[in-house]
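Peer 1: Provided herewith is a single structure, encoded as structure tokens, for subsequent inquiry.
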Amino acid sequence: MLKLPSVPGGAPPRPGTPAAEPASLKDNASEAAISALGWLDERTAISGTARWVMFRKVPKGTNWFYTLGTSTMMAFLSQVVTGVFLAMYYDPSPNNAYESMRHINNDVFLGQFVHGMHRWGATTMVVLIFLHMGRTFFFGAYKYPRELNWVIGVILVLLTMIMALTGYLLPWDQRSYWATAVGVNVFASAPIAGPYLGDFLRAGPEFGATTLSRFYAIHMLLLPGLIGGLIAAHLYLVIKHGTTAPPWIEAEIDEDLRKSEA
Amino acid sequence: MNRREKEQYLREYAVLKAKGKPFFPYVIAKDGAMVMIVIGIILTMSYLLGGTIAAKADPTSTTVVPRPEWYYYFVFELLRVVKPAAITPLATVGIPTVCLILLLLLPFYDRGPERHPLRRPIATTAGVLTILVTGYLTWMGAEAGAPTEIAMPPSANVVNKEDPETVELYLKGREELPSLGCLACHQIGENGNHGPGPKLTDIADRLPEAGIAQTLRNPTAPMPSYQSLEPEKFKAVVTYLGHLTKENEENPVEGGGE
Ligand code: HEM
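Here the protein sequences come in this chain order: A and B. Letter 144 of the first sequence, counting from 1, is numbered 144 in the numbering used here, and no numbers are missing. To convert, count from 1 in the second sequence and add 1000; that's the numbering used here.
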């Protein structure tokens, strides 16, 4: 007998057999969600990573001090979001920078509020990064095997402080102009590399027009990219090694484990 | 840490970790709560303090004291504390650089297995001292505002003996100078901060007028250049400074001026 290839999607129900219960909306939705996730997982193998990140165990005794790193990251993300909105209206030329900031403050919907969030978010991030650094210092968390994470952290502190310095100039008001003129002079007074650093930051021997666009590029392109990348590396290492237990928590090796190891 | 200590650490850590709780939902909940607080703080500060801006930047005149954000005050204060001008650059750039390198290399010279802060007396003491010193410098930096007028009276030697044009410039310079921010770094009479710049009370004994003008155009860092000040203001300030001598200081006008 000639065998036909089977119908894709299965054979149609034979007449006479009872029809399957019509699937409820909820079943359909969860079915769809699972198959979408399945589709994604089949192509990215993301579920392993997600499980690795979300369901890893965190040592007991982990306390509120351990939230400071995440808080720093959120402050940075807040800076990124508010910064993008400011960049939509800001004009980094000495003639228009100040006017564009005034426009943001006076005309743009919620402009001054977003500007304020960016200003005070910067302060918050600086405070949080130092608190987080203090936490890892006093908990001895920089020791084996987390040395590299500490090094990345110190670079993040440095970049954050440069971020604050370059951002301070951008409103191009009296306060920022003169403070930054002095600040750059401080750098420029350094022995050996100082004069070169000064020329680089000022974009020439004089503090002026090109300085602004240079600071702008550093502030909104170069440093956020570097900081974002380093945070990613930092978090990868945190997850890989796990967070420390507070140093006063003792590990009682329990009997079962000792036996099984022996 | 030697090899045995490393292995022991990893073993103890594995035990602690095995007894811990999963990241989701326990740590996420705690982190989330803290993140909410942080966002709340940012929103509140923005609502209460806003993103204000001062007058437009004007290279030809300064009406504000050059002051950085408060978390840079400690660098600014170092400028003031370290007196001899020859070593100021070493201090202002050198000290933070050395601190940074020490910080960066910390895990490579502090390699003991001990982690408890109370059983690491050297590290803990150094950490606490660093916090106290930075806090103190920041506090001092915050205190050091700049005055808005010069209390030292004009000198009778100038007012009574010089030609009217010079006297006018001299008095104008005395009026203008505080608004230029010089007093953030210099002291004149009782006013201003003693440092990072030298005292200017009797500057004319040390430096002729032309030298003062030269300094303003082409200063040694960290002093900013006042090259693009309006010529009239510039002249007034130079004339005023050019008459600040010890002798003049000792001969104030009757009634202390004004
Ligand atoms: C943009 C800045 C930073 C972000 C977003 C960040 C984020 C984090 C997060 C989320 C953790 C997990 C544990 C915790 O939150 O305490 C962590 C751990 C850690 N961080 Fe940071 N961090 C930053 C800067 C720093 C700095 C400045 C240092 C030190 C110089 C540092 C050193 C460490 C170390 C050693 C750990 C491991 C701590 C442990 O396992 O207990 N980080 N970081």
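Every residue gets a Cβ at the ideal spot worked out from N, C-alpha and C, and that includes glycine. These numbers come from a predicted model, not from an experiment.
Taking 8 Å as the line, does the beta carbon of Ile1037/B fall inside it for any heavy atom of the ligand HEM?
Peer 2: The residue you call residue 1037/B lines up with position 37 of the second sequence. No, the ligand HEM has no heavy atom inside 8 Å of this Cβ.
Peer 1: What is the DSSP secondary structure of Asp1110/B, reduced to helix, strand or coil?
Peer 2: Against the second sequence, residue 1110/B aligns to sequence position 110. Coil, per DSSP.
Peer 1: Below 8 Å on C-beta distance, what does Met189/A contact in chain B?
Peer 2: Along the first sequence, read from residue 1 onward, the residue named residue 189/A stands at position 189. Reading the sequence as shown, one finds Ser at residue 189/A and not Met. Chain B residues near Ser189/A: Thr1088, Pro1089, Thr1092, Val1093, Thr1220, Ala1221 and Pro1222.
Peer 1: Work out the CA separation of Asp1163/B and Pro224/A for me, nearest whole Å.
Peer 2: On the first sequence, residue 224/A is found 224 positions in, with the first residue counted as 1. On the second sequence, residue 1163/B is found 163 positions in, with the first residue counted as 1. Looking at the two C-alpha atoms, the distance is approximately 59 Å.
Peer 1: Measure the Cβ-Cβ separation of Gly194/A and Leu165/A and say whether it is below 9 Å.
Peer 2: What you label residue 194/A is simply residue 194 of the first sequence in a count that begins at 1. What you label residue 165/A is simply residue 165 of the first sequence in a count that begins at 1. Result no, Cβ atoms of Gly194/A and Leu165/A do not sit closer than 9 Å.
Peer 1: Which bits of chain A does Tyr1013/B rub up against, with CB to CB less than 8 Å?
Peer 2: Indexing the second sequence from 1 puts residue 1013/B at position 13. Within 8 Å Cβ-Cβ: Pro59, Gly242, Thr244, Ala245 and Ala251.
Peer 1: Does DSSP classify Glu1250/B as helix, strand or coil?
Peer 2: The residue you call residue 1250/B lines up with position 250 of the second sequence. Note: Glu1250/B maps to coil in three-state DSSP.
Peer 1: Please state whether DSSP places Val114/A in a helix, a strand or coil.
Peer 2: Against the first sequence, residue 114/A aligns to sequence position 114. DSSP places Val114/A in helix when its eight states are reduced to three.
Peer 1: Report the residues of the region 1231 to 1242 of chain B with a CB closer than 9 Å to any CB of chain A, ordered along the chain.
Peer 2: none
Peer 1: Residues bridged to Val58/A by DSSP?
Peer 2: Residue 58/A sits at position 58 when you count from the first residue of the first sequence. Its beta-bridge partners are Lys1021/B.
Peer 1: Is Ile1131/B helix, strand or coil by DSSP?
Peer 2: For the purposes of this step, residue 1131/B is taken as residue 131 along the second sequence, with counting starting at 1. DSSP places Ile1131/B in helix when its eight states are reduced to three.
Peer 1: Would you call Leu1177/B buried or exposed, if buried means 16 or more other Cβ atoms sit within 10 Å of its Cβ?
Peer 2: Here residue 1177/B refers to the residue found at position 177 of the second sequence. So Leu1177/B counts as buried.
Peer 1: Sorted by chain position, which residues of the same chain lie with C-beta nearer than 7 Å to Val108/A's C-beta, five sequence neighbours on each side aside?
Peer 2: Numbered from its first residue, the first sequence carries residue 108/A at position 108. Leaving aside the five residues that flank Val108/A on each side, the residues in its chain whose CB is nearer than 7 Å to its CB run, in chain order, Tyr89.
Peer 1: Could you run through the region 103 to 124 of chain A and flag, in chain order, every residue whose CB is less than 9 Å away from some CB of chain B?
Peer 2: Ile104, Asn105, Gly111, Gln112, Phe113, Val114, His115, Gly116, Met117, His118, Arg119, Trp120, Gly121, Ala122, Thr123 and Thr124
Peer 1: Quick check on the DSSP output: what are the complete alpha helix (DSSP H) runs of length 4 or more inside the region 161 to 211 of chain A, in order along the chain?
Peer 2: Complete alpha helix (DSSP H) runs here, min 4: 174 to 188 and 194 to 202.
Peer 1: Given a cut-off of 9 Å on the beta-carbon distance, is the pair Arg1262/B and Ala217/A in contact?
Peer 2: This structure leaves residue 1262/B out entirely; chain B is present only between 1001 and 1258.
Peer 1: Using DSSP bridges, identify the partner residues of Gly1192/B.
Peer 2: Counting from 1 along the second sequence, the entry for residue 1192/B is found at position 192. Paired residue(s): Gln1187/B.
Peer 1: With burial defined as no fewer than 16 other Cβ atoms inside 10 Å of the residue's Cβ, what is the status of Pro1208/B: buried or exposed?
Peer 2: Residue 1208/B sits at position 208 when you count from the first residue of the second sequence. That one is exposed.
Peer 1: In whole angstroms, give me the CA-to-CA distance for Val323/A and Ile104/A.
Peer 2: Shown here, chain A extends from 1 to 262; a query on residue 323/A therefore has no answer.
Peer 1: Would you mind working out which of Lys143/A, Trp120/A, Pro94/A and Asp41/A sits nearest Gly79/A, comparing C-alpha positions?
Peer 2: By one-based count along the first sequence, residue 79/A stands at place 79. According to the sequence displayed, residue 79/A carries Gln and not Gly. Comparing Cα-Cα distances from Gln79/A to each of Lys143/A, Trp120/A, Pro94/A and Asp41/A, the minimum goes to Trp120/A.
Peer 1: Do you know offhand how far Trp1070/B's Cα is from Lys1019/B's?
Peer 2: Residue mapping note: residue 1070/B aligns to position 70 of the second sequence, counting from 1. Residue mapping note: residue 1019/B aligns to position 19 of the second sequence, counting from 1. Roughly 44 Å separates the two Cα atoms.
Peer 1: Does the Cβ-Cβ distance between Leu1105/B and Thr1092/B come in under 9 Å?
Peer 2: Here residue 1105/B is taken as the residue at index 105 of the second sequence, counted from 1. Here residue 1092/B is taken as the residue at index 92 of the second sequence, counted from 1. Going by C-beta atoms, Leu1105/B is not nearer than 9 Å to Thr1092/B.
Peer 1: Phe138/A: buried (16+ other C-beta within 10 angstroms of its C-beta) or exposed?
Peer 2: One-based indexing of the first sequence puts residue 138/A at position 138. Buried, since its Cβ has 16 or more Cβ neighbours within 10 Å.
Peer 1: Please classify Asn185/A as buried or exposed, where buried requires at least 16 neighbouring CB atoms within 10 angstroms.
Peer 2: Position 185 of the first sequence, counting from 1, holds the residue named residue 185/A. Buried.
Peer 1: According to a CB-to-CB cut-off of less than 7 Å, which residues of the region 147 to 160 of chain A neighbour chain B?
Peer 2: Glu147, Trp150, Val151, Val154 and Leu158
Peer 1: Can you find a C-beta in chain A that's less than 9 Å from the C-beta of Thr1138/B?
Peer 2: To locate residue 1138/B, count along the second sequence from 1; it is residue 138. Judged by the 9 Å Cβ criterion, Thr1138/B is not in contact with chain A.
Peer 1: Which parts of the region 1199 to 1239 of chain B are runs of the alpha helix (DSSP H), unbroken and 4 residues or longer, counting only runs that do not cross its ends?
Peer 2: 1203 to 1206 and 1209 to 1217
Peer 1: My assumption, with CB atoms under 8 Å, is that Leu304/A sits in contact with Leu230/A. Please give the rounded CB distance.
Peer 2: Residue 304/A lies beyond the range of chain A shown here (1 to 262); nothing can be said about it.
Peer 1: Cα-Cα, which of Ser30/A, Gly38/A, Arg146/A and Gln112/A is closest to Arg1115/B?
Peer 2: Working through the second sequence from its first residue, we reach residue 1115/B at position 115. For Arg1115/B, the nearest C-alpha among the options comes from Arg146/A.
Peer 1: Between His234/A, Ala232/A and His219/A, which has its C-alpha nearest Ala122/A's C-alpha?
Peer 2: As a working note, residue 122/A is residue 122 in the first sequence. Comparing Cα-Cα distances from Ala122/A to each of His234/A, Ala232/A and His219/A, the minimum goes to His219/A.
Peer 1: Can you tell me which of Leu169/A, Asp199/A, Gly140/A and Leu128/A puts its alpha carbon nearest to the alpha carbon of Thr244/A?
Peer 2: Against the first sequence, residue 244/A aligns to sequence position 244. Checking every option, the nearest Cα to that of Thr244/A belongs to Gly140/A.
Peer 1: Run through chain B and tell me which residues come within less than 8 Å of Leu126/A, C-beta to C-beta.
Peer 2: On the first sequence, position 126 is the one that residue 126/A refers to. Per the sequence shown, the amino acid found at residue 126/A is Val instead of Leu. Correct list: Tyr1071.
Peer 1: Does the CB of Leu1229/B have a neighbour CB from chain A at under 9 Å?
Peer 2: Residue numbering aside, residue 1229/B sits at position 229 when the second sequence is read from its first letter. Answer no: the Cβ-Cβ gap between Leu1229/B and chain A never drops below 9 Å.
Peer 1: On a Cα-Cα basis, can you pick out the residue from Gly1242/B, His1194/B, Gly1189/B and Glu1190/B that is closest to Gln1214/B?
Peer 2: Working through the second sequence from its first residue, we reach residue 1214/B at position 214. When C-alpha distances from Gln1214/B are compared across Gly1242/B, His1194/B, Gly1189/B and Glu1190/B, the shortest belongs to Gly1242/B.
Peer 1: How about His1186/B: is its C-beta nearer than 9 Å to some C-beta of chain C?
Peer 2: Among the protein chains in the structure shown, which are A and B, there is no chain C.
Peer 1: Look up Lys1056/B in the DSSP assignment and give the residues it is bridged to.
Peer 2: Sequence index remark: in the second sequence, residue 1056/B carries index 56 (1-based). According to DSSP, Lys1056/B bridges with Asp173/A.
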